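One structure below.
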Amino acid sequence: MKVEGPVFITMRDGTRIACRIYRPDAPGKFPALFAASPYQYETDDLPHSTLFLWREVGPVEWYIRDQGYVYVHMDVRGSGQSGGTYNMLDKEEQQDLYECIEWVARQDWCSGKVGGLGQSYYAWSQWFMGVLNPPSLKCIAPYDGSVDLYRGAAYHGGIYCDFMAW
8 MKVEGPVFIT MRDGTRIACR IYRPDAPGKF PALFAASPYQ YETDDLPHST LFLWREVGPV
68 EWYIRDQGYV YVHMDVRGSG QSGGTYNMLD KEEQQDLYEC IEWVARQDWC SGKVGGLGQS
128 YYAWSQWFMG VLNPPSLKCI APYDGSVDLY RGAAYHGGIY CDFMAW
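According to this note's numbering, the sequence shown is numbered sequentially starting from 8.
Structure representation (structure tokens):
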């Protein structure tokens with residue numbers, strides 16, 4: 008498996024978004040699995056434990072080695088090594104997702120097909136990327152994102168939380 012990163016993708020306003028890219032050793036074009044969160048791709052290096060056998064995005068090594076995918080892990084704006092200011096799931100982050108997906112699809116190692124995956128924030132970001140419907144986004148696989156994002160986050164316990172800016 009080849010690991011590249013940080014790889015920076017320049018956004019429309021000049022902000023550089025950091026990604027780590029995991030690719031099969033074999034040459035060729037592969038579909039890409041795309042995950043985005045503020046959890047920082049450096050956590051990919053943490054060892055698994057008996058309590059948490061999988062990352063929020065599943066068994067990355069299996070996707071690459073056994074299934075023939077590229078995996079791209081993006082640090083959203085203002086997190087990890089990405090520039091800018093973090094504003095949870097705002098419209099700017101949503102546009103970043105679109106631009107990064109299309110950047111991934113244009114790379115010489117990508118077949119042009121990109122899919123989202125993951126749970127928690129990774130699931131939320133998939134809902135947001137799906138709304139804009141990037142041409143290269145062929146599927147999303149969000150799971151365990153939230154039962155009710157409105158009650159659980161926007162109006163937690165009935166109290167307005169202003170950290171979500173749309």
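Even for Gly, the Cβ is constructed at its ideal location relative to N, Cα and C.
Fair warning: this is a prediction, and the values are worked out from it, not measured in the lab.
The beta strand (DSSP E) runs lying completely inside the segment 101 to 152 and spanning 3 residues or more are 117 to 126 and 144 to 150, given in chain order.
At least 9 Å separates the beta-carbon of E100 from that of P142. Apart from sequence neighbours up to five positions away, the residues of its chain that approach S89 with a beta-carbon distance below 6 Å are I24, A25 and D82, ordered along the chain. When the alpha-carbon of L40 is set against those of G164, P149, D155 and I166, the nearest one is in P149. V67: not part of any beta strand (DSSP E); member of the alpha helix (DSSP H) spanning V67 to R72, first to last residue. Sequence-distant partners of S44 (beyond 5 residues in either direction) whose C-beta falls short of 7 Å from its own C-beta, in its chain, are V83, Y128, Y129 and S132. In terms of Cβ geometry, Q102 and R27 do not form a close pair [threshold 9 Å].
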